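Asks: Let me give you the structure first, and then I'll get to my questions.
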Amino acid sequence: MNLNDFDRDTTEEYILLAEENSQILGFASLYLPENFIHNLFVHPNFSGKGVGTQLVNHAIEKMGKPVRLKCVSENHKALGFYEKSGWKKVVEEGKPGEKYWVLVYE
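The UniProt record's numbering puts the last residue of the sequence shown at 106; the count rises by one with no breaks.
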């Protein structure tokens, strides 16, 4: 994703930024009208250090429950992260090779 893609893909979204010592650790983009986490990204160097948890917790705090998101079905690490954090799988959607789970946190 380049900066132009980011600007286009996050139009009208609220951005949460995780940073430390002026270094970006990760971000989340939220579509507030639907309580939807559109993007959640943690820099690989900071994976497993609580950055994703902090971003998700701040997103829930900002939007209130219930909150929804989509996660690529093949991303087993992310699905495990969400399920351990109390998210529930609702439905798997998409065509073969592009499937994703809709998850909800209530």
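The C-beta atom is built at its ideal place from N, Cα and C for all residues, glycine as well.
Source: prediction; values computed, not measured.
(1) Can you name the start and end residues of the beta strand (DSSP E) that glutamate 92 belongs to?
(2) Measuring only from the beta carbon, is valine 51 closer than 6 Å to any heavy atom that is part of the ligand HEM?
(3) Kindly indicate which residue of Ile24, Lys99, Lys65 has the alpha-carbon position closest to the one of cysteine 71.
(4) Among Pro96, Gly80, Asp5, which has the Cα closest to the Cα of leucine 103?
(5) Does DSSP put glycine 52 in a helix, in a strand, or in coil?
Replies: In short:
(1) In the DSSP assignment, glutamate 92 falls within the beta strand (DSSP E) that extends over 88-93.
(2) Because no ligand of any kind appears in the structure shown, any question about the ligand HEM cannot be addressed here.
(3) The shortest C-alpha to C-alpha distance from cysteine 71 to any of Ile24, Lys99, Lys65 is the one to Lys99.
(4) Closest by alpha carbon: Gly80.
(5) The three-state secondary structure of glycine 52, taken from DSSP, is helix.
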